[in-house]
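This note's numbering puts the first residue of the sequence shown at 1111, with every later residue one more than the last.
What follows is one structure encoded as structure tokens, with my remarks underneath.
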Amino acid sequence: MQVMTDIVEDESRYYDFANKVSSRSRNETDELNLNIVEWSRGQQYGAFSSFSHVAELEKQVEKPLRVIFAPLDIATDSNVGGLLRLFRHLAVPSDFLNERIHSVTCGFGSRPRKNGHHCLWFHFLCKDIEVDEHDEIKHRDVNHNHLNLSQADYVWQRAGFFLSWRDYHSLTLNDGPRLSEDEDYDPQQHHRFDNVTLCCWGVPRAMEERFAEIAYSGDWKEALEDPFILVTIILDQLFSLMDKQKQNLRRAVNKIELDTLLSAKSPSSMMQSFDFVAMSNVAKHIDHLGCGAILETVDAICRHHIKYFIRNPSHCTNRVFHLTEDAFEHKAMLFKSLNFQVQSMEKKMRDMANLAFNLVTQQSNTAVIDDSRSMRTIATVTLIFLPFAAVAAMFSTPFFANTPNTSVWVSPDFGTFWAIVVPMTAVVLLCWDIAYFVAAQKVKLNREGTGPRHAFLTWLEWHGIQGRRREKVNTSKIGQYSAAFEMSNIP
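Here is the structure:
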């Protein structure tokens, strides 16, 4: 067990982590389910073991290489005591706990220790997406406190990683005697690094199976040449995990794209049938996929790897060092490719949102146009009968009556009534037509950005009055131009 004596360590972070759980329901025991793969000197393959308490792990002797799989490093009633004891056993820095307390998206750190020990850590956060047989995102609410919205999901993939090792070269330079005099070091049997310990919190089962394959392969000693090579294995599994989320998310995006394009054929029913909530939730899932955060983490790990080994240039010629560097570069390119695909889905969703908005706007404009046509019809009928009502009100006399001898009497004002009504109706309709056209022409000129023009002349051309006159003028001018052209071609 290592002891944290660095001045930068903040012991209060441990208390803050414990206080995430109520003290009344807190389990103070060290109960925690642990799966371990470890390698011993003189053995080609790794050994597997499982513990239910951290105290059982503390009784084990240090091994050249050990990988620990523990539950997610989030405090709960049942595991807070075990997690805290595991943190102290591994001498996990308080900054690691601080990242989990504040739920950081992009976290990486490293720390040199005394007696040649070094460590690094980082956290992983990614949206967890599952789709059903209809290519729609399943609604999973682990806390049961969210609304049941279309294609909404509140589950995340989270994990934490902590890697520590002992560097004999650093030990001889800073703290210990010469290598040949160190009782724990035999240059014929040992590598530069020893006591390499990797702890993984909350990783999927596939990652445990990947390290199990390494245990049966016999290539574990490469981790004693460069412990960072274990991080490349982690990144490879994280890429597979994120790529799976991307594939599931792409199915949901393609489903929304198909629904949007099909709705474009019948915009009238789009406002009633299209699921805008689903589109918004899927766009949010794309933002939460977290490719940018993991890219920053990979970049920070690559820089730290070079910085750590550059202190002793002789070790930079190690084959495993170059193998690790190449693996880091390849993983970085994989995550960049994944990020490009996520950005492509984001642009596709933006285009679909714009298309849906334009279709809805078009449908709304169509409804407004239909309403305006109805209002125009009503206004036209009103204008037609307005002179009738006005003249009839002025006269206020009956035009027809029955005489005692059963004949129909017609008022002398009946002819006068029509003589006034017909011209008045024509004048009212003409004034309305001119006023309507002038207003429409102003809107058109403002939209086209053309110069001002007399609206009344435009109205005359619209009705063909001015157009016929201009056509005659243009015809005469064309005749003059043709005659001049013929005269100019005479030899």
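All residues carry an ideal CB built from backbone N, CA and C; glycine is no exception.
Source: prediction; values computed, not measured.
Per-residue DSSP class, three states only, for residue i
i	result
Ile-1494	helix
Lys-1237	strand
Leu-1193	helix
Ile-1247	strand
His-1212	coil
Asp-1120	coil
Ala-1656	Nothing about residue 1656 can be read from this structure; the chain reaches only from 1111 to 1601.
Lys-1130	coil
Phe-1445	helix
Asn-1428	coil
Ala-1333	helix
Enclosing alpha helix (DSSP H) for residue i [first to last residue]
i	result
Cys-1310	Unbroken run through Cys-1310 is the beta strand (DSSP E), 1303-1311; no alpha helix (DSSP H).
Arg-1360	1339-1375
Cys-1315	What sits at residue 1315 in the sequence shown is Arg, not Cys. 1315-1327 is the span of the alpha helix (DSSP H), which, as asked, contains Arg-1315.
Glu-1406	1401-1419
Ser-1521	Run containing Ser-1521: none; DSSP gives neither H nor E here.
Phe-1384	Taken as a continuous stretch (DSSP letters only), Phe-1384 belongs to no alpha helix (DSSP H), as it is neither H nor E.
Terminal residues of the beta strand (DSSP E) in which residue i lies
i	result
Gln-1267	1266-1277
Glu-1141	1141-1149
Arg-1176	1175-1180
Separation of residue j from residue i, as counted between CA atoms
i	j	result
His-1163	Ser-1373	58 Å
Leu-1259	Leu-1348	29 Å
Val-1118	Asp-1140	26 Å
Arg-1123	Phe-1271	18 Å
Thr-1535	Phe-1527	12 Å
Ala-1502	Asn-1464	56 Å
Pro-1181	His-1233	14 Å
Tyr-1264	His-1249	8 Å
Glu-1406	Asn-1208	19 Å
Glu-1456	Val-1430	39 Å
Ala-1316	Ser-1133	35 Å
Ala-1185	Val-1470	47 Å
Arg-1136	Asn-1143	17 Å
Phe-1179	Ile-1416	27 Å
Gln-1170	His-1212	33 Å
Asp-1543	Ala-1489	12 Å
Met-1485	His-1398	49 Å
Val-1491	Ala-1529	20 Å
Phe-1158	Glu-1148	7 Å
Arg-1460	Ile-1411	33 Å
Pro-1287	Gly-1226	Low local confidence applies: a pLDDT of 42 at Pro-1287 is under 50, so the model's placement there is unreliable, with the coordinate-based value given in what follows. In a straight line, the C-alpha of Pro-1287 is about 12 Å away from that of Gly-1226.
Asn-1189	Tyr-1125	15 Å
Pro-1533	Gln-1472	41 Å
Phe-1438	Asp-1346	10 Å
Ile-1588	Lys-1554	Confidence at Ile-1588 is low in this model, with a pLDDT of 38, below 50, so its placement is unreliable and no value can be given for it.
Thr-1604	Asp-1523	Any property of residue 1604 remains undetermined from this structure, which presents the chain solely from 1111 to 1601.
Phe-1445	Ser-1474	43 Å
Arg-1361	Gln-1261	12 Å
Ile-1404	Lys-1441	11 Å
Asn-1391	Leu-1193	34 Å
Local Cβ density within 10 Å of residue i, reported as buried at 16 or more and exposed below that
i	result
Thr-1434	buried
Met-1352	buried
Glu-1323	exposed
Trp-1231	buried
Leu-1371	exposed
Phe-1450	exposed
Asp-1277	buried
Asn-1305	buried
Gln-1153	exposed
Lys-1237	buried
Cys-1541	exposed
Arg-1483	exposed
Asn-1358	buried
Leu-1368	exposed
His-1244	exposed
Residue(s) in a DSSP beta bridge with residue i
i	result
Phe-1158	Val-1147
Ser-1220	Leu-1230
His-1163	Glu-1141
Val-1501	Answer is none; Val-1501 lacks a bridge partner.
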